[in-house]
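Just below is one structure, and these are the notes that go with it.
Numbering (UniProt numbering), first residue to last: 1 to 451.
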């Protein structure tokens, strides 16, 4: 069922305010809403889109929202979905940054946001189980999932290597001739008309479908068109700053170039690039202080939206410190957001049609099914990482926890997470209510504890 454009816009805007929990939580929320509840997207289409987004640099969840919006309503839908997914986070970071720059603290807001984390963790646990059961049905996929999760969790194997392993495993499964179970689980009818009935009718490429098949020539034209528009969109603000803010052009140029490069090398999530960003922003460029970087990371983990939104906090403080005004800070924040997310839009809007074309290939279907297993392993790792920051006190290691589990555990968060899982099993349609109710409970609890 394809929703109206207005209904989809309202959904993406609402989702943007609830997208806590990093990529694991955000992907789980989208899967729960779009696949399980609203049934706007099928399980196969969701997994296919997620596989592509996990291959790209940049924030996976925001790219997935853009891709799914493109499936539903074409280029217009992709742009609106991607923008509305991050708009609430941008507005929140503007407010937090101004308050932080002015007063140096946002403790009550953080208390409320800390209460939302256990609720999101409960949603991750609830939804992840369903994703694994639906996507990992062959023995090869299950083995790939286990090996991927173990490799990243215990040995810190880098994300690109894990993807390469999954791709090679899928290719071996295809060429070995022992892929009966994989084909039974993953093979869909090779012609696009049947698959297109899901929701691809909204794709707005001119004459892109002839007899419900995407022409390669149209795909290449679209890639060229998106690339040209992207170059113009990158250059225009750059030239505007050159002419309007000529005396401070060097500062803004450094900001633009740095965050553009960062956007193209952010493989494996924001945590993979944050040490490099922190070193440049604090030591090389001198935009912010180390304690401000740490506070910004805390805000990024506590607010909705991709974790890379912490870069906008850096952009705000860079502008505010340089010029001594909140206006310059807001401009720095918006400029950082623009150049951080522009590549993601271009990669999705330029490549989505090409990715849809691969559904016609049995080889790509089976290879991507193993990429799905790898993605599930990475999401499992991200969920464990997220849970560790919620259920254990700051600085706790597994060794120190085993020595004194009673003192090292956040018992309220643990209890609330378990309660949330049971609540969602019984009342999954009230997940949004549970998120905000959790925030209020923790705000009240922490307020009374500090009286």
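Beta carbons: idealized from backbone N, C-alpha and C, even for Gly. These numbers come from a predicted model, not from an experiment.
- The bridge partners DSSP lists for residue 216 come to none.
- Closest option to residue 445, judged by alpha-carbon separation, among 82, 114 and 64: 114.
- Of the residues assessed, residue 439 falls on the buried side of the cut-off, its CB having 16 or more other CB atoms within 10 angstroms.
- Separation of residue 299 and residue 290 (C-alpha to C-alpha, rounded to the nearest whole angstrom) is 14 Å.
- Between residue 349 and residue 75 a beta carbon distance of about 6 Å is seen, short of the 8 Å cut, so the two are scored as contacting.
- Beyond the five residues adjoining it in sequence on each side, residue 226 comes within less than 8 Å, by CB distance, of 346, 349 and 350 in the same chain, given in chain order.
- Minimum Cα-Cα distance from residue 118 among the listed residues 302, 239, 16 and 100 corresponds to 302.
- In the structure shown, the three-state DSSP call for residue 20 is coil.
- By the neighbour-count criterion, in which a residue is buried when 16 or more other Cβ atoms sit within 10 angstroms of its Cβ, residue 32 is buried.
- It is roughly 41 Å from the alpha-carbon of residue 43 to the alpha-carbon of residue 279.
- When DSSP states are grouped into helix, strand and coil, residue 267 belongs to the coil group.
- With contacts defined as CB atoms closer than 8 Å, residue 25 and residue 123 qualify as a contacting pair.
- According to the DSSP assignment, residue 340 belongs to the alpha helix (DSSP H) that extends over 326-357.
- Taking the CA atoms as reference points, residue 435 sits about 10 Å from residue 441.
- Around the beta-carbon of residue 250, fewer than 16 other beta-carbon atoms lie within 10 Å, marking it exposed.
- Within the same chain, and ignoring the five residues on either side of residue 131 in sequence, the residues whose Cβ sits closer than 8 Å to its Cβ are 28, 31, 376 and 379.
- Per DSSP, residue 67 is one residue of the alpha helix (DSSP H) stretching across 60-103.
- The count of Cβ pairs closer than 8 Å, one atom from the region 400-413 and one from the region 53-68, stays below three, leaving the stretches out of contact.
- Using a Cβ-Cβ distance cut-off of 8 Å, the region 361-377 and the region 167-175 are in contact, since at least three pairs of beta carbons, one from each stretch, lie closer than that value.
- For residue 315, the uninterrupted alpha helix (DSSP H) run begins and ends at 310-323, by DSSP.
- Beyond the five residues adjoining it in sequence on each side, residue 85 comes within less than 8 Å, by CB distance, of 12, 15, 16, 19, 61, 62, 65, 66 and 305 in the same chain, given in chain order.
- Selection 51, 383 and 333 evaluated against residue 167 yields 51 as nearest (Cα-Cα).
- Here the alpha carbons of residue 87 and residue 80 stand approximately 10 Å from one another.
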